[in-house]
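All remarks here apply to the structure that follows.
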Amino acid sequence: MHDWKKAYAPAAQQEFEEHQGPVLFYNETVIDHFTNPRNVGEMADADGYALIGDPSCGDQMKLWIKVEQGILVDIKFKSFGCPGAIATSSMATVLAKGKSISEAKKLTDDDVIRALGGIPENKAHCSLMGVGALHAAIRDYEQRHVNVSPESDSEHAP
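Residue numbers (our numbering): 1173 to 1330.
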């Protein structure tokens, strides 16, 4: 098993030190989601999938969702990026898991930032990936399951 703290905590600390001070200060919740990201992995039997990235900084995220009776019963992601990108991706999956499709579609970047207790302003663009990938995976799910309307939470007919 990969030890996230040993591999990535030094990078977060180095980023903080390089920018000297509160400009890039990450709170404990952000650091926790960066060093111990939730819902990491891939999903072979996903109902929806998205791959998105931020060309301005090189961050990239893959996200898979599993839907049963209109509920996001499982969600997995893999992200390559800075501490803020990984933490916001992790928190987005936590907030979405167990929600209905319509509830998950209402999730915003601000919801993720609030749940993390804030992130530095110059890292706010990082929060866009998690929610963006979630919404893209939901669109993929809706396109794959033609009997599911975008406004409906019901599973497609067998």
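Think of the CB as a built atom: it goes at the ideal place given N, C-alpha and C, for glycine as much as any other residue.
Treat the numbers as computed from the prediction; the structure is a model and nothing was measured.
Under a 10 Å Cβ-count criterion, V1245 is classified as exposed, with fewer than 16 other Cβ atoms of the shown protein chains found around its own Cβ. The beta carbons of P1292 and F1197 sit closer together than 8 Å. In the assembly as shown, K1248 is a buried residue. Its beta-carbon has 16 or more other beta-carbons within 10 Å.
Within a 10 Å sphere around the beta-carbon of T1260 sit 16 or more other beta-carbons, which makes this residue buried. Rounded to the nearest angstrom, the Cβ distance from L1306 to A1276 is 6 Å, consistent with a contact under 8 Å.
Separation of the CB atoms of I1273 and I1224 is rounded to 19 Å, and the pair is thereby denied contact status at 8 Å. Look at S1274 here: in three-state DSSP terms it is helix. The beta carbon of E1200 lies closer than 6 Å to none in the same chain, with the five residues before and after it left out. Nearest Cα to S1228 within the set D1217, A1308, A1216 and M1301: M1301.
Straight across, the Cα-Cα distance linking G1270 with I1243 is about 6 Å.
For L1300, the enclosing alpha helix (DSSP H) stretches over residues S1299 to R1316.
Residue nearest to G1253 within the set A1218, D1226, D1204 and V1212 is D1226 (criterion: CA-CA distance). For L1223, the enclosing beta strand (DSSP E) starts and ends at G1220 to D1226.
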